[in-house]
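Student:
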Amino acid sequence: MERRHSIEVSVANERLGAGHPVRVQSMTDTITANIEATVRQILALAHEGSELVRLSVLDDEDAMAVPTIRAQLIDSGCHVPLVGDFHFNGHTLLKEHPSCAKALDKFRINPGNLGFGQSHDRNFASILEIAGKHDKAVRIGANWGSLNDPVRQRLLSEHADWPLEKVLEHAMIESTLESASFAINMGFPANKLVLSAKVSHVPSLLTIYRALAKKTDFALHLGLTEAGTGESAIIASTAAMSILLQEGIGDTLRVSITPPAHINLDEEDPRIQEVRVCQQILQANGLRTFVPTVRSCPGCGRTQREIHRSMVIQVSEFVASRALDWRMRFPGSETMVIAVMGCVVNGIKEAKHANVGISLPGRAGESPLPLVFSDGESYGVLQGENPGEQFTQFLENYIKSHFGSRVAK
Ligand code: SF4
C-alpha cells in the first residue's frame, strides 16, 4: 500500500509520519491529579503497547501533578511520550506551570475552544510560543463537538442551500487548515505539528480526512470521536480507520471506547482495550504486526461443536496471554499464523498455509484424532486426554525453536 507523504514529526524519541509505522495512542480516564491512579493506568497502557499516552490537564492540580507523574514513570522504566490535553485554559496553565510544559512531550489543543477573535489568537499564539520554547510537538485537534463557531457561521451564511452535514464537514476542514496556517505563520515548525479533525459519523470522517490529506502534508492523527462502547465503538472505528489506512492516510491513531462502569483495581484496566483495538486494526490492515494471528473457521453442521469451540477458545486465550512476553523475548513471533479448523473440508489446506495448524475431527467419519501441521508439513496426530494442552505446548515450543535465537531490540 502506498502511504500518503507526510512530514516527519518527533515526539520525544518517537517518530511519526513520513512512512514511519502508524503509531498507537491511548488516553487515560483517571483524574490526572490522582498521581497514583494515573501512573498505574499509563503504565498499563504503555505495557500493552501504547506508543503515546494522552492525559487531561484541566486545572492547576493536574498541571502540578504532571512532573511527578513523569518522574514516577521514569523511575518505573517507562519513557512513553506524554501528551497533555488542554481545553479553554491551556495557555494559562502552560504559562503558570512551566514544569508541566517541560514534562510533557506534546500538547493537544482544540482550536474551537481557545476563545474568540483577538483573544483566540493571543491564547493560541501563547501555547505555540511555549511549545516552541520547550521544543514540544502540538496537535491541533478539531472536534465537531466544539467546532470553531465563526467558521461554522460563515459557511452557514455562504452556503445556505447546503445540507447541515456538508456545512459541518467543510467547517471542520477549514477550521483545521486555518489553525494550521496560523501556527505556521507564527513560525511554528511544520515538523512539530500534527492535525486531527474528529467527528462521530463515519462518512463525514472520511470526507474530512480525505480533504485534509489532499490539501496538506502535515502528519495526521486518526480517530472517530464519541464512538460509544463495546462492539459498536469497535466496529464504527474499524470501518472508518480501515478505509483511511487503506488509502494510505493516517500517521497515528486512537480508538475511543467508553469502558464498562465498574472499576476493579485487581482486574486488568479496561482502558487497555483501546490499545488492543488499535493494534488489531493496524494488523488486520497489513500495516503492523503485534500478536500472532489465530485463524479459526466458524464451525458448521460438520463440526464436533464442543471440541472445536473449546480448542479455538483455549488457543486464542493462550496466545493472548503469551503474546506480550513472546514479542519481547522472541521478536518476529508476532508475525506467526495459527489455524484452528473444524474438519477436513478446509482444515488441512488452511492448516498447511499457517505456520502451525490443527485440523480437528469433523462429524463425517473422519479420523478421530486432531491432525497437526507445522510449516506446511504434517506433524502427526495428538493422542491422549487433553489435546488443547498438547497443542498450546506445541505452540510454545515452536516459538522458542523458530524465534528464540533472535535478539530483542
Ligand atoms: S472447515 Fe469444516 S467445520 Fe469448519 S466451517 Fe468449513 S466445513 Fe465447517
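Position in the sequence shown counted from 1, then plus 358, gives you this note's numbering.
Glycine included, C-beta positions come from ideal geometry on N, C-alpha and C.
Only a predicted model underlies this, so the values are computations on that prediction, with no experimental measurement involved.
1. Residues in the same chain with beta-carbon distance under 8 Å from Lys767, minus the five sequence neighbours each way, listed in chain order, please.
2. Less than 9 Å separating the beta-carbons of Arg381 and Asp609?
3. Restricting to runs no shorter than 3 residues, where is the beta strand (DSSP E) found entirely within the region 470 to 542?
4. Can you tell me which of the three DSSP states Ala591 falls into?
5. Which two residues bound the contiguous beta strand (DSSP E) that contains Lys464?
6. Alpha carbons only, please: which of Ala500, Gly490, Val649 and Thr583 is nearest the one belonging to Ala459?
7. Does the separation of the CB atoms of Asn471 and His445 fall below 9 Å?
8. Just checking my contact of Ala639 with Thr596 at CB under 8 Å: how many whole Å lie between their CB atoms?
9. Would you call the CB atoms of Val560 and Ala518 closer than 9 Å?
10. Could you compute how far the alpha carbon of Ile389 sits from the alpha carbon of His449?
11. Locate the beta strand (DSSP E) running through Glu400, then write down its first and last residues.
12. Using CA atoms only, rank isn't needed, just tell me which of Leu535, Leu740 and Lys556 is closest to Thr574.
13. Could you check what DSSP says for His731 in three-state terms: helix, strand or coil?
14. If Ser554 sits next to Ala500, beta carbons under 8 Å apart, how far is it from one beta carbon to the other, in whole angstroms?
15. Which first and last residues belong to the beta strand (DSSP E) in which Gly715 is found?
16. For the ligand SF4, is there any heavy atom lying closer than 8 Å to the beta carbon of Pro656?
17. Give a single yes or no on whether Gly715 has its beta carbon closer than 8 Å to a heavy atom of the ligand SF4.
18. I believe Gly581 touches Ser533 by the beta-carbon criterion, under 8 Å. Please report the beta-carbon distance rounded to the nearest angstrom.
19. Is it the case that the CB of Arg768 approaches a heavy atom of the ligand SF4 more closely than 8 Å?
20. Evaluate the contact criterion for the region 425 to 434 versus the region 465 to 482: three or more CB pairs, one atom per stretch, below 8 Å.
21. Mind checking who Met544 pairs with in its DSSP beta bridge?
22. By Cβ distance below 7 Å, which residues in the same chain neighbour Ile665 in space, the five residues on each side in sequence not counted?
23. Rounded to whole angstroms, what's the CA-CA distance from Val652 to Val714? Just pull it up for me.
24. Have a look at Ala370, Ala404, Glu372 and Lys572 and flag the residue whose alpha-carbon is nearest the alpha-carbon of Gln631.
25. Out of curiosity, what's the CA-to-CA distance linking Lys707 and Val673?
26. Quick one: what's got a C-beta closer than 8 Å to Glu366's C-beta in the same chain, skipping five residues either side?
27. Measure the alpha-carbon distance for Pro650 versus Ala681 and round it to whole angstroms.
28. Indicate, with yes or no, if the ligand HEM has a heavy atom lying under 8 Å from the CB of His711.
29. Would Ala585 and Ser558 be called neighbours here (beta carbons separated by less than 9 Å)?
30. Check for me: the alpha helix (DSSP H) holding Val560 runs from which residue to which?
31. When DSSP builds the beta bridges, which residues end up paired with Gly651?
32. Measure from the alpha carbon of Phe465 to the alpha carbon of each residue in Ser477, Ser484 and Leu602, then state which is nearest.
33. Quick test of your reading: Ala395 and Ala423, contact by CB under 8 Å. State the CB separation rounded to the nearest angstrom.
34. Helix, strand or coil, according to DSSP, for Asp609 in the structure here?
35. Using a Cβ-Cβ cutoff of less than 7 Å, which residues in the same chain neighbour Gly407 once the five nearest sequence positions on both sides are dropped?
36. Pull up the distance between the alpha-carbon of Glu724 and that of Val702, whole angstroms please.
Tutor: Once the coordinates are examined:
1. Locating residue 767 in the sequence shown gives position 409, counting from the first residue. Low confidence applies here, because Lys767 scores a pLDDT of 44, under 50, leaving its location unreliable; read the following figure in that light. Cβ neighbours of Lys767 beyond the five flanking positions: Pro689.
2. Here residue 381 is taken as the residue at index 23 of the sequence shown, counted from 1. Here residue 609 is taken as the residue at index 251 of the sequence shown, counted from 1. It is a contact, given that the beta carbons lie within the stated cut-off.
3. 495 to 501
4. Working through the sequence shown from its first residue, we reach residue 591 at position 233. Correct three-state label for Ala591: helix.
5. Along the sequence shown, read from residue 1 onward, the residue named residue 464 stands at position 106. It spans Lys464 to Ile467 - the beta strand (DSSP E) in which Lys464 sits, taken as one unbroken run.
6. Counting from one through the sequence shown, the residue named residue 459 turns up at place 101. Checked all of Ala500, Gly490, Val649 and Thr583; the closest Cα to Ala459 is Gly490.
7. The residue given as residue 471 occupies position 113 in the sequence shown. The residue given as residue 445 occupies position 87 in the sequence shown. Yes, Cβ-Cβ distance for Asn471 and His445 is below 9 Å.
8. Numbered from 1 along the sequence shown, position 281 holds the residue referred to as residue 639. Numbered from 1 along the sequence shown, position 238 holds the residue referred to as residue 596. A small fix is needed here, since residue 639 is Ile in this sequence, not Ala. Right, their Cβ atoms sit about 5 Å apart.
9. Taking the sequence shown and counting its residues from 1, one reaches residue 560 at position 202. Taking the sequence shown and counting its residues from 1, one reaches residue 518 at position 160. No; because the gap between Cβ atoms is not below 9 Å, this pair is not in contact.
10. The sequence position of residue 389 within the sequence shown is 31, counting from 1. The sequence position of residue 449 within the sequence shown is 91, counting from 1. Straight-line Cα distance between these residues: approximately 20 Å.
11. Looking up residue 400 in the sequence shown gives position 42. For the record, residue 400 in the displayed sequence is Ile; it is not Glu. No beta strand (DSSP E) contains Ile400, which is instead part of the alpha helix (DSSP H) from Ile393 to Glu406.
12. The residue you call residue 574 lines up with position 216 of the sequence shown. Of Leu535, Leu740 and Lys556, the residue nearest in Cα terms is Leu535.
13. The residue labelled residue 731 in the question sits at position 373 within the sequence shown. The question names His, but residue 731 is Phe in the sequence shown. The answer is strand: DSSP assigns Phe731 an E or B state.
14. Reading the sequence shown from its first residue, position 196 is the one you call residue 554. Reading the sequence shown from its first residue, position 142 is the one you call residue 500. Confirmed, Cβ separation roughly 7 Å.
15. Position 357 of the sequence shown, counting from 1, holds the residue named residue 715. Per DSSP, Gly715 belongs to the beta strand (DSSP E) from Val714 to Ser717.
16. Taking the first residue of the sequence shown as position 1, residue 656 is located at position 298. Yes, the beta carbon of Pro656 sits closer than 8 Å to at least one heavy atom of the ligand SF4.
17. Reading the sequence shown from its first residue, position 357 is the one you call residue 715. Checking the Cβ of Gly715 against the ligand SF4 gives no.
18. Position 223 of the sequence shown, counted from the first residue, corresponds to residue 581. Position 175 of the sequence shown, counted from the first residue, corresponds to residue 533. Wrong, their Cβ atoms sit about 16 Å apart, outside the cutoff.
19. The requested residue 768 is not part of the displayed model; the chain covers only 359 to 767.
20. no
21. As a position in the sequence shown, residue 544 is number 186, starting the count at 1. Paired residues: none, contrary to the question.
22. Within the sequence shown, the letter at position 307 stands for residue 665. Closer than 7 Å at the Cβ level, and outside the excluded window around Ile665, lie Leu718.
23. Position 294 of the sequence shown, counted from the first residue, corresponds to residue 652. Position 356 of the sequence shown, counted from the first residue, corresponds to residue 714. Taking the straight line from one Cα to the other gives about 10 Å.
24. Start at 1 with the first residue of the sequence shown, and residue 631 comes out as number 273. The option with the nearest alpha carbon to Gln631 is Ala404.
25. Here residue 707 refers to the residue found at position 349 of the sequence shown. Here residue 673 refers to the residue found at position 315 of the sequence shown. Going by the C-alpha atoms only, they are around 19 Å apart.
26. Position 8 of the sequence shown holds residue 366. Arg373, Leu374, Gly375, Ala376, His378, Asn549 and Ala577, listed in sequence order.
27. Within the sequence shown, numbered from 1, the residue matching residue 650 stands at position 292. Within the sequence shown, numbered from 1, the residue matching residue 681 stands at position 323. Rounded to whole angstroms, Pro650 to Ala681 spans 7 Å at the Cα level.
28. The ligand content of the structure shown is limited to the ligand SF4, which means the ligand HEM is not among them.
29. Sequence index remark: in the sequence shown, residue 585 carries index 227 (1-based). Sequence index remark: in the sequence shown, residue 558 carries index 200 (1-based). Yes, the Cβ-Cβ distance between Ala585 and Ser558 is below 9 Å.
30. Walking along the sequence shown from the start, residue 560 turns up at place 202. First-last of the alpha helix (DSSP H) with Val560: Val560 to Lys573.
31. As a first step, residue 651 must be located in the sequence shown, where it is residue number 293. As written in the sequence, residue 651 is Thr, which differs from the Gly given in the question. Bridge partners of Thr651: Val695.
32. To locate residue 465, count along the sequence shown from 1; it is residue 107. When only C-alpha atoms are compared, the closest one is Ser484.
33. Working through the sequence shown from its first residue, we reach residue 395 at position 37. Working through the sequence shown from its first residue, we reach residue 423 at position 65. Not really, about 11 Å apart at Cβ, beyond 8 Å.
34. Mapped onto the sequence shown, residue 609 falls at position 251. The answer is coil: DSSP assigns Asp609 none of H, G, I, E or B.
35. Here residue 407 refers to the residue found at position 49 when the sequence shown is read from its first residue. If we look at Gly407 and ignore the five residues flanking it on each side, its Cβ neighbours are Val382, Val633, Gln637 and Phe648.
36. Within the sequence shown, residue 724 is the residue found at index 366, counting from 1. Within the sequence shown, residue 702 is the residue found at index 344, counting from 1. Cα to Cα, Glu724 sits roughly 8 Å from Val702.
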